[in-house]
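Inspection log for the structure reproduced underneath, given as structure tokens.
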Amino acid sequence: MSVHLIIFILLVFLPPASSQLDVCRSLRSSEAGPGWEFYACQPPPTNMKEGMQIRRFCTLENPYLCSDECDASSPDLSHPPQLMGDRERPLLANITLSWNKSLEVVDDIVVTFEYGRPTSMVLEKSLDKGVTWQPYQYYADDCLEAFGMSPKRVSDLAPSNLTRVICTEQYSRWVGAKEEKVVVFEVRARFVVFAGPKLINMDALYTRMETVKGLRDFFTFTNLRLRLLRPALGGTYVQRDNLLKYFYAISNIDVPARCKCNLHASQCVLRDATLQCECDHNTSGQDCQRCSQGFKSRSWRPGSYLPLPKGSGNPCKHLKMHLPPLVPPVPPVTAPLTLRCLFSDPMTPPSDSTSGTVNTNLVTITVPPSTGAASPTGVSSPAIGLTSDQAPAEDTPPTGPAPTSQAGDAPPTAGADTTVVPPDTLLDVPPKTYH
């Protein structure tokens, strides 16, 4: 049975969370009326190599890219036979797989080598899109010599140290068989520790995902990198300087995984060459890692596998604004308004024995309609016209004592009216008739 067929069977018959957690919400009825019930949800798994953007340079499929890359008459563009051998020592190579999106591996990662498996290599992962790297697993024909680690297998691990980084000799020794081409990062064997040999008890695995610290992060990555440190040597001793005829040949890499959406989405799409979760539960972001605008009444939380079997959606709640009551604005004046005000002008200054005489003038104030210029009180400040039969002429000098200034008062400006009558005060004066 080929490796590709095995991977296909695992993806189809593996009972992943997608068979139970493919619905994010459902409509339910209650005494208060219909409403949404939210569940934990996640996208279905897929082979993530299908979503990778492969960039080809100078290939037969696109000869236009090669038209100016090879020219035997130019030393800078010539490719003579003596350059076919790579003289890099030691023979090191890195193969980097970048998705720029958080993924969760759901089954074994399988790398197929066409001409012998490396005798020394490291599988690394990144959680921050390639900024930092950490080892996922070491591979060597002699772990103690290559990395100073005792060889182990995943079957040697216990539930308490399932996330331990190990070195294995299982996929690096020369066996001479043509079928021995694959190097495997064993994920399924780790799931078996919790879910049983046939992964029947997936509920136990989901419970451990929630309760064991760091378990979910162990199966999470944004990038993978193969550090090829030493090629297959054919089981014979060779001199270190005689590595020109050795090479690495990778024909396939299978990465069964799903988009990590923090249990807030059931679909993941490729949009503008970038993987993106189709977020639910009032969340947003590439990984549904924050609350949407207007739904921040509480802190964001990821979904939870518990309680079984549907889990908890932990949706973001709608933000309810608690604002003080608004004071209704005073409607603008839309028609001319005439006010009649009584002004008292002391003509004779008071003395110790008399209170002085008072000249009473009845003044009519006409307020034209609002012109739209807003005032601090919410009412337009229109121009005020004064009309009176008894109003003093402009050339008549005022009688009586001159107004006195208090300390701190600004000096009056020549030609300006220093009497300020607020509009709301004018509106509160009822019309009266004096005899």
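For the sequence shown, the positions run -19 to -1, 1 to 416 when mature numbering (1 follows the signal peptide of the UniProt record, and there is no 0) is used. Built from N, CA and C at the ideal position, the CB exists for glycine as well.
Local conformation of residue i per DSSP, three classes
i      : result
TYR187 : helix
VAL103 : strand
ALA53  : coil
CYS148 : strand
ALA74  : strand
ASN81  : strand
PHE94  : strand
CYS272 : strand
LEU287 : coil
ARG206 : strand
ARG197 : helix
SER293 : strand
ALA121 : strand
ARG211 : strand
Bridge-paired residues (DSSP) for residue i
i      : result
CYS249 : CYS258
PRO237 : ASN28
PHE19  : ARG6
GLN115 : LYS106
PHE166 : ILE90
THR264 : CYS272
PRO140 : BP columns for PRO140 are empty, so no partner.
PRO178 : Paired residue(s): none; PRO178 is not in a bridge.
PRO132 : CYS148
Burial state of residue i (16 or more Cβ within 10 Å)
i      : result
TRP80  : buried
ALA383 : Since pLDDT at ALA383 reaches only 48, below the 50 mark, its modelled position is unreliable, and the value read off the structure follows with that caveat. Exposed, by the Cβ-count rule.
ALA374 : With a pLDDT of 49 at ALA374, under the threshold of 50, the predicted position of this residue should be treated as unreliable, and no value is reported.
GLN274 : exposed
THR147 : In the sequence as presented, Thr is not what sits at residue 147; that position holds Ile. Answer is buried; the Cβ neighbour count reaches 16.
LYS226 : exposed
PRO135 : According to the sequence shown, residue 135 is Val rather than Pro. Answer is buried; the Cβ neighbour count reaches 16.
ASP268 : buried
LYS110 : exposed
GLU31  : exposed
ASP52  : exposed
ALA254 : exposed
GLY14  : exposed
THR192 : exposed
GLY129 : exposed
ALA127 : buried
VAL250 : exposed
ARG252 : exposed
PRO140 : exposed
ASP261 : buried
Residue i to residue j span [Cα, whole Å]
i           : j      : result
THR113      : VAL103 : 15 angstroms
GLN270      : HIS245 : 9 angstroms
ALA230      : PRO61  : 22 angstroms
residue 419 : CYS242 : Only positions -19 to 416 of the chain appear in this structure, which leaves residue 419 out of reach.
GLU161      : GLU167 : 16 angstroms
ASP198      : ARG208 : 22 angstroms
residue 422 : LEU125 : With the chain covering -19 to 416 only, the question about residue 422 has no answer from this structure.
SER55       : PHE228 : 28 angstroms
ASN142      : ASP89  : 19 angstroms
ARG171      : ASP137 : 10 angstroms
TRP17       : ARG206 : 42 angstroms
THR188      : SER83  : 21 angstroms
ARG154      : LEU210 : 14 angstroms
TYR119      : ILE234 : 17 angstroms
LEU75       : THR27  : Note that residue 75 is Asn in the sequence shown here, rather than Leu. Going by the C-alpha atoms only, they are around 24 angstroms apart.
LYS194      : LYS133 : 23 angstroms
LEU73       : PHE19  : 50 angstroms
THR100      : LEU214 : 8 angstroms
SER266      : TYR152 : At residue 266 the sequence reads Gly, which differs from the Ser that was named. Cα to Cα, GLY266 sits roughly 39 angstroms from TYR152.
THR201      : GLN115 : 12 angstroms
SER247      : PRO25  : 7 angstroms
ARG6        : LEU289 : 15 angstroms
PRO178      : MET190 : 18 angstroms
MET29       : PRO283 : 23 angstroms
VAL(-8)     : ILE181 : Note that VAL(-8) scores a pLDDT of 38, beneath 50, so its modelled location is shaky and nothing firm can be said.
Cβ distance (whole Å) where residue i is taken to contact residue j below 8 angstroms
i      : j      : result
VAL4   : VAL91  : Their Cβ separation, rounded to whole angstroms, is 31 angstroms, which puts VAL4 and VAL91 out of contact at 8 angstroms.
SER131 : THR203 : Not a contact, Cβ separation roughly 30 angstroms.
ALA185 : GLU150 : Incorrect: roughly 30 angstroms between the Cβ atoms, too far for contact.
PRO212 : VAL86  : With a Cβ gap of about 26 angstroms, PRO212 and VAL86 do not count as contacting.
ALA21  : LEU2   : 5 angstroms
CYS272 : CYS297 : 4 angstroms
GLY294 : TYR286 : In fact, because the Cβ distance is near 11 angstroms, the residues do not count as touching under 8 angstroms.
LEU78  : THR144 : Contact doesn't hold; Cβ gap of about 21 angstroms is too wide.
Any chain B beta carbon closer than 8 angstroms to residue i
i      : result
HIS245 : You won't find chain B in this structure, because it holds only one protein chain.
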